[in-house]
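Chains as they are written, first to last, in full-length UniProt numbering: chain A, 1 to 205; chain B, 1 to 205.
Every residue, glycine too, gets a C-beta built ideally from N, C-alpha and C.
Structure, as structure tokens:
Number of protein chains: 2
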Amino acid sequence: MEKLILHEDPISGNCYKIRLVAAHLGLPLERRAYDIRKGETRTPEFLAGVSANGRIPVLQVGDRFLAESGAACWYLAEGSPLIPADRFERADMLHWMFFEQYHHEPNVATLRFWLGIIGEGGLSDAQRAAVPGRRAAGEAALALMDAHLAGHDFFVGGGPSLADIALYAYTHVADEGGFALEHYPHLGRWLGRMAALPGHIPMEE
Amino acid sequence: MEKLILHEDPISGNCYKIRLVAAHLGLPLERRAYDIRKGETRTPEFLAGVSANGRIPVLQVGDRFLAESGAACWYLAEGSPLIPADRFERADMLHWMFFEQYHHEPNVATLRFWLGIIGEGGLSDAQRAAVPGRRAAGEAALALMDAHLAGHDFFVGGGPSLADIALYAYTHVADEGGFALEHYPHLGRWLGRMAALPGHIPMEE
Numbered sequence: 001m002e003k004l005i006l007h008e009d010p011i012s013g014n015c016y017k018i019r020l021v022a023a024h025l026g027l028p029l030e031r032r033a034y035d036i037r038k039g040e041t042r043t044p045e046f047l048a049g050v051s052a053n054g055r056i057p058v059l060q061v062g063d064r065f066l067a068e069s070g071a072a073c074w075y076l077a078e079g080s081p082l083i084p085a086d087r088f089e090r091a092d093m094l095h096w097m098f099f100e101q102y103h104h105e106p107n108v109a110t111l112r113f114w115l116g117i118i119g120e121g122g123l124s125d126a127q128r129a130a131v132p133g134r135r136a137a138g139e140a141a142l143a144l145m146d147a148h149l150a151g152h153d154f155f156v157g158g159g160p161s162l163a164d165i166a167l168y169a170y171t172h173v174a175d176e177g178g179f180a181l182e183h184y185p186h187l188g189r190w191l192g193r194m195a196a197l198p199g200h201i202p203m204e205e
Numbered sequence: 001m002e003k004l005i006l007h008e009d010p011i012s013g014n015c016y017k018i019r020l021v022a023a024h025l026g027l028p029l030e031r032r033a034y035d036i037r038k039g040e041t042r043t044p045e046f047l048a049g050v051s052a053n054g055r056i057p058v059l060q061v062g063d064r065f066l067a068e069s070g071a072a073c074w075y076l077a078e079g080s081p082l083i084p085a086d087r088f089e090r091a092d093m094l095h096w097m098f099f100e101q102y103h104h105e106p107n108v109a110t111l112r113f114w115l116g117i118i119g120e121g122g123l124s125d126a127q128r129a130a131v132p133g134r135r136a137a138g139e140a141a142l143a144l145m146d147a148h149l150a151g152h153d154f155f156v157g158g159g160p161s162l163a164d165i166a167l168y169a170y171t172h173v174a175d176e177g178g179f180a181l182e183h184y185p186h187l188g189r190w191l192g193r194m195a196a197l198p199g200h201i202p203m204e205e
């Protein structure tokens, strides 16, 4: 595989997903850090040279650039056990990855960023007004995951896949956004299973 | 392939994506309609029997159910020319599909639903307050697509892929949400190329 460079902000769970996939697969990953709170991904250099969308993560593969965490995880994991061999299960894994980006991350990750990282005093009026809606949608996403995990050890098939890694990243720090994980016992046990996997790495390192 | 049933609302662009993929590939698709404006996807029957997330589209494959439009499109298109054969291009296609669900659909599709379907008078205060932010983010997504298409006939590789189909669905009706597509000339020509493909079907039929 060509040289891999992760353009990231270490506080981002979306970036952590890619580091977690690389760790599970034993792939070497060079890291370049940007501080999103200082606008370091909106500079002309970043927009022209890394990603026109001005956001991290971006996985650099040789001299090509891949934005969106799910796409980068897929690129790294193709041909590995992290992507199920069965056609329906493979699509079902993508279902959970799209679920994460549409129903989970904009709520669970955003409230962590707003309340746990920026802090309530630093929010705009529009952000403050959006908190209750994001809270309700985030709780709904966590409840749906918990109900699924009542009958399954992992999200798809019999072992961990990219779906679990994508959902682990922001769920395991959901308390930083004010979500009470003790309300979701099956989710809690799944978080434990994920952290106990060989190859697992913590978010901060 | 097992019998395919699309659980859908005909006004939804996310459902149209799946019908468009099936049309391009000549796959028969039975259709079951639900009216999301009447809450028909939040009934106990739908939640227990079709999708616990209470949303359409859901692709039924035999007796299994697949939510999230991108996952359903992937399931149908595996092994076809709508998914690039090259590993990097395949991941880059997923990048555009995740971009669509995160940066495009919540803005371009939501404003079409709020302003073009519900109508401004029917919006809640929270929805009304969210319009300017969604407008700006939707214009940014369209501008990014337009810039990419300045140098490419299709989003990835040399021909149409699931990335084009995913992005076509809500872009071609963006004017219904008040977006002025004449500001994006490359986008306009790409919409024309997509509609001229053999196998293309319109959204309403």
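- Within 9 Å of the CB of A:Tyr168, no CB atom of chain B is found; the nearest one sits about 17 Å away.
- Within the segment 16-47 of chain A, contact with chain B at the beta-carbon level (separation under 7 Å) is assigned to no residue.
- Burial check for B:Pro84: the Cβ neighbour count within 10 Å reaches 16 or more, so the residue is buried.
- Here B:Ala67 is bridged, per DSSP, to B:Val58.
- For the pair of segments examined, the segment 63-77 of chain B was found not to touch the segment 136-147 of chain B: the number of CB pairs separated by less than 8 Å stays below three.
- Listed by position along chain A, the residues whose Cβ is nearer than 7 Å to that of B:Phe98 are Glu68, Gly70, Ala71 and Gln101.
- Counting only residues of its own chain and dropping the five nearest sequence neighbours on each side, A:Tyr34 has a CB closer than 8 Å to the CB of His7, Glu8, Asp9, Glu40, Thr41, Phe46 and Ile56.
- The residue from B:Ser124, B:Gly157, B:Glu68 and B:Ile5 with its alpha-carbon nearest to that of A:Met97 is B:Glu68.
- Taken through DSSP and simplified to helix, strand or coil, B:His200 comes out as coil.
- With respect to chain B, the C-beta atom of A:His95 has a partner C-beta closer than 7 Å.
- Counting every other CB atom within 10 Å of its CB across the protein chains shown gives A:Ile201 a total below 16, marking it as exposed.
- Inter-residue distance for B:Pro44 and B:Gly54 is about 9 Å (C-alpha atoms, whole angstroms).
- Non-local C-beta neighbours of B:Phe155 in its own chain, meaning closer than 6 Å and more than five positions away in sequence, comprise Trp96, Ala163 and Asp164, ordered along the chain.
- Taking C-beta atoms as the reference points, B:Ser51 and B:Val61 fail to come closer than 7 Å.
- For the pair B:Ala23 and B:Gly199, the CB atoms are nearer than the 7 Å cut-off.
- Per the Cβ contact rule, the segment 110-128 of chain A is in contact with the segment 167-183 of chain A (3 or more Cβ pairs under 8 Å).
- Secondary structure note for A:Leu4: its beta strand (DSSP E) is the uninterrupted segment Leu4 to Glu8.
- Burial of A:Lys17 is indicated by the presence of at least 16 other C-beta atoms within 10 angstroms of its C-beta.
- In terms of beta-carbon proximity, B:Arg87 lines the interface with chain A, with at least one pair separated by less than 7 Å.
- The beta carbon of A:Trp74 sits closer than 7 Å to some beta carbon of chain B.
- A distance below 6 Å between beta-carbons, with the five flanking residues on each side excluded, links B:Gly70 to the following residues of its chain, in chain order: Met97.
- B:Ala109 is outside the set of residues whose beta carbon lies under 7 Å from a beta carbon in chain A.
- Neighbourhood of A:Ala52 in chain B, by CB distance below 8 Å: Leu144, Ala147 and His148, in chain order.
- Boundaries of the beta strand (DSSP E) harbouring B:Ala33: Glu30 to Ala33, taken from the DSSP string.
- Taking 7 Å as the CB threshold, B:Ala163 stays off the interface with chain A.
- Counting the other CB atoms within 10 Å of its CB gives B:Glu105 a total of 16 or more, which places it among the buried residues.
- Of the candidates B:Val131, B:Met203, B:Asp92 and B:Gly116, the residue whose Cα lies closest to the Cα of A:Phe65 is B:Asp92.
- Annotation: B:Val108 to B:His172 spans about 10 Å, alpha carbon to alpha carbon.
- Using beta-carbon distances, B:Glu78 counts as an interface residue toward chain A, with a partner under 7 Å.
- Rounded to the nearest whole angstrom, the C-alpha separation of B:Trp190 and B:Asp153 is 7 Å.
- A Cβ-Cβ contact shorter than 7 Å links A:Leu25 with A:Ser80.
- Counting the other CB atoms within 10 Å of its CB gives A:Pro132 a total below 16, which places it among the exposed residues.
- With its beta carbon less than 7 Å from one in chain A, B:Ala91 belongs to the interface.
- At a C-beta separation below 7 Å, B:Val61 has these neighbours in chain A: Phe88.
- Here B:Ala141 really is in contact with B:His103; their C-beta atoms are around 5 Å apart, less than 8 Å.
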